[in-house]
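This report refers to the structure that appears directly beneath it.
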Amino acid sequence: MITIREYARPATLEEAWQLNQKRPNRVLGGMLWLKMEKISVGTAIDLSALGLDTIEETDTEFAIGAMATLRSLETHAALNAATNGAMREAVRHIVGGSVYGRFGFSDVLTLLLALDCDVELYKAGRMPIAQFAALPYDRDILTHVYIKKTPGLAVHYQSVRATQTDFPILTCAAARTADGA
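Count along the sequence shown from 1, add 126, and you get the number used in the working numbering.
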């Protein structure tokens, strides 16, 4: 069970980052993993006032805010068209985010690695998701995931589970561009 002593809803990323530098403090996300732990949180940091809950589309990419819901990823027509429905499939069975935690069983992280995405951290900046996934855990704040629009992209995502609502036993994603890369 999780115990939260204080709650903060910062008005800026800098304020959120400063709060997150104290060891007992935690950024609130989907809460799936936090509520399963037996921990005492000093200050729970709510990022919901920072405008990170959007999916924005440009000519070259989709910018997905760190607080965008899994449901918004599942139902975003243009994003699902660009990924041939793989995004919808990758979030269909899950109930919490797992990009920042870099969990090996993460449905979403598996797909994002195949799509060769970038992530943006408040202090470390923008970097390839493969580089981010290899980093040790730190106290930076994930702000966005960037999915590049790749003409002729073919994507497939598949997971194997003992039951529909269980963690995946195996996840696999593959992407191929029109030029065969």
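Glycine included, C-beta positions come from ideal geometry on N, C-alpha and C.
Residue i versus residue j - alpha carbon distance
{"i": "residue 306", "j": "residue 252", "result": "26 Å"}
{"i": "residue 295", "j": "residue 259", "result": "19 Å"}
{"i": "residue 127", "j": "residue 195", "result": "24 Å"}
{"i": "residue 208", "j": "residue 131", "result": "43 Å"}
Whole-Å CB distance - residue i paired with residue j, under 8 Å assumed
{"i": "residue 269", "j": "residue 145", "result": "Residue 269 to residue 145, Cβ: 15 Å. No contact."}
{"i": "residue 237", "j": "residue 283", "result": "5 Å"}
{"i": "residue 179", "j": "residue 168", "result": "25 Å between Cβ atoms; not a contact."}
{"i": "residue 206", "j": "residue 218", "result": "At roughly 11 Å, the Cβ-Cβ gap does not stay under 8 Å, so residue 206 and residue 218 are not in contact."}
Neighbourhood of residue i by C-beta, 7 Å cutoff - its chain only, sequence neighbours within 5 removed
{"i": "residue 224", "result": "232, 234, 235"}
{"i": "residue 204", "result": "183"}
Beta-carbon gap between residue i and residue j smaller than 8 Å
{"i": "residue 186", "j": "residue 249", "result": "no"}
{"i": "residue 226", "j": "residue 170", "result": "no"}
Identified DSSP bridge partners for residue i
{"i": "residue 284", "result": "298"}
{"i": "residue 129", "result": "166"}
{"i": "residue 253", "result": "245"}
{"i": "residue 153", "result": "171"}
Cβ neighbours of residue i in the same chain (closer than 8 Å, five flanking residues each side left out)
{"i": "residue 272", "result": "187, 188, 189, 190, 243, 244, 245, 246, 252"}
{"i": "residue 119", "result": "Only positions 127 to 307 of the chain appear in this structure, which leaves residue 119 out of reach."}
Cβ neighbours of residue i in the same chain (closer than 6 Å, five flanking residues each side left out)
{"i": "residue 280", "result": "302"}
{"i": "residue 172", "result": "135, 154"}
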